[in-house]
Amino acid sequence: MSPLPVGKLRADALRAIFAKLAPRDPRVIVGPRVGEDAAVIDLGDRYLIATSDPITFAGDDVAWYALQVNANDVAVRGARPRWFLATLLLPADRTTDESVEALFAQLGEACDELEVSLVGGHTEVTHGLDRPVVAGTMLGEVAKDKLVTTGGARVGDAVVMTKGVPLEGAAIIAREREAELRQRGVSPAVIRRAKGFLRSPGLSVLPEAEIACELATVHSMHDPTEGGIATALVELAEAAGVGLRIDAERIVKLPEGVELCRAFGLDPLGTIASGALLLTLAPADAGIVIHALAREGIDCHYIGQVVPAAEGVKLVDGAAERPMPVFAQDEITRLFTGG
């Protein structure tokens, strides 16, 4: 039997597993589902939102990074991140008191930045690691009438995205493969700008999610992570039981991200894309949100529309259209596996 590839488990395998593990507690409103970013649990007067995500590709700022990506999964529920638990697995023979203090300083900075409380977790030095691994759990809360899910998209909705792709992927490539990029002719200025993407335009989608939910009725939000924007769009459509028509020219690709992906032969559409945000909402509301985010300095663009499921998920390029590309694993894994 062949070993599984690096990256998330296949969606079909996960669906089969989840079908056997249906939550028994009726208070679980949204449990484990492909494409849904966080669990939803009924606490009576409000919903508790819970998510868990590890950081495995990144080496720098790994603890700060973990808090950001977990907060994103809560934010796309229309919720406010509140409480964070961190499991820190640290490499043997390379961990010092100073490196542990630096990791917790990163956690503290990120908690202060997002007004989140660190409430627990676990820390250990672990055999077999070549870098720290941080697995985070974020809890948040949302009023029942403000809940947003990936599966809420409606036929006729506008599809909009913020910032550009692959934001996270570009930052990882620049930080983890700087020497190789220079050897392949990428300028130091491009590498420097891509390294800074985690802070500007920023990995967090909390500001744009909060503004959108305050000003409009958002039907669906999704955080594009592994598999990039293409995989996120397919997941959104599947979760909602709809189709999508996406204009290829309207998908905002960050020039630095495109150049870094090109240097290694990666497709930007399939490269890890945290920092961008997908939303679907009525076309009139989409216009309101796009203009409001622009006033806050956050790029937001219309990229397509929600259509009936029978039309599939299509990428439209001028007069031509084709099925949205599918990525069995994130493009960036090829840098770490030699694929």
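Just so we're aligned: 218 in this note's numbering is position 20 of the sequence shown, and the numbers increase by one with no gaps anywhere.
Cβ atoms here follow ideal geometry from the backbone N, Cα and C, with glycine treated the same way.
Comparing alpha-carbon positions, which option in the options lies nearest residue i?
i: K444; options: M522, E412, R380; result: Residue identity check: residue 444 is Ile in the sequence provided, not Lys. Of the listed residues, the one whose Cα sits closest to I444 is M522.
i: P230; options: T347, H499, A407, A392; result: T347
i: D184; options: E366, A438, G394; result: The chain is shown from 199 up to 537; residue 184 falls before or after that span and cannot be answered.
i: R460; options: G383, Y245, L413; result: G383
i: F395; options: T415, P481, I409, I371; result: I371
i: A484; options: E406, G516, K344; result: E406
i: R391; options: Q381, L404, E376; result: E376
i: I227; options: G233, K218, A237; result: A237
i: C409; options: A480, T535, V274; result: Residue identity differs from the one stated: residue 409 is Ile in this sequence, not Cys. Looking at the Cα atoms, V274 is the closest of the given residues.
i: N268; options: T335, I427, G495, L513; result: T335
i: A351; options: E374, R329, L404, G439; result: G439
i: C498; options: A507, G455, T478; result: T478
i: L337; options: V511, A437, P364, V272; result: V272
i: A480; options: A517, Y263, C411; result: C411
With 16 as the cutoff for other CB atoms within 10 Å, does residue i come out buried or exposed?
i: R493; result: exposed
i: L202; result: exposed
i: I215; result: exposed
i: Q304; result: buried
i: S402; result: buried
i: H420; result: buried
i: L458; result: buried
i: G349; result: buried
i: M359; result: buried
i: T249; result: buried
i: T294; result: exposed
i: P453; result: exposed
i: S472; result: buried
i: E424; result: buried
i: L467; result: buried
i: E447; result: exposed
i: Q381; result: exposed
i: E234; result: buried
i: R278; result: buried
i: D259; result: buried
Determine the extent of the beta strand (DSSP E) in which residue i is found, giving its start and end residues.
i: K512; result: 511 to 515
i: I444; result: 441 to 445
i: P203; result: Neither: P203 is in no beta strand (DSSP E) and is coded neither H nor E.
i: F282; result: 278 to 289
Work out the CA separation of residue j and residue i for me, nearest whole Å.
i: G463; j: L379; result: 12 Å
i: P221; j: L312; result: 31 Å
i: L288; j: A435; result: 38 Å
i: V504; j: L301; result: 42 Å
i: E307; j: G276; result: 23 Å
i: E509; j: E296; result: 56 Å
i: S315; j: A261; result: 14 Å
i: R292; j: D210; result: 38 Å
i: L546; j: L286; result: The first residue shown for the chain is 199 and the last is 537, placing residue 546 beyond what the model contains.
i: L413; j: M199; result: 52 Å
i: A356; j: D251; result: 29 Å
i: G538; j: E299; result: The requested residue 538 is not part of the displayed model; the chain covers only 199 to 537.
i: I239; j: V432; result: 25 Å
i: V317; j: V514; result: 46 Å
i: R280; j: L265; result: 11 Å
i: A437; j: D465; result: 24 Å
First and last residue of the alpha helix (DSSP H) that includes residue i?
i: D271; result: 260 to 273
i: L458; result: 453 to 462
i: A492; result: 481 to 493
i: L301; result: 295 to 312
i: V358; result: Segment 356 to 360 is the beta strand (DSSP E) holding V358; no alpha helix (DSSP H) there.
i: P405; result: 404 to 413
i: T531; result: 531 to 535
_Meets three-Cβ-pair contact criterion under 8 Å: the segment 479 to 494 and the segment 391 to 400_ = no
*So does the segment 328 to 348 actually touch the segment 412 to 429, counting three or more Cβ pairs closer than 8 Å?*
yes
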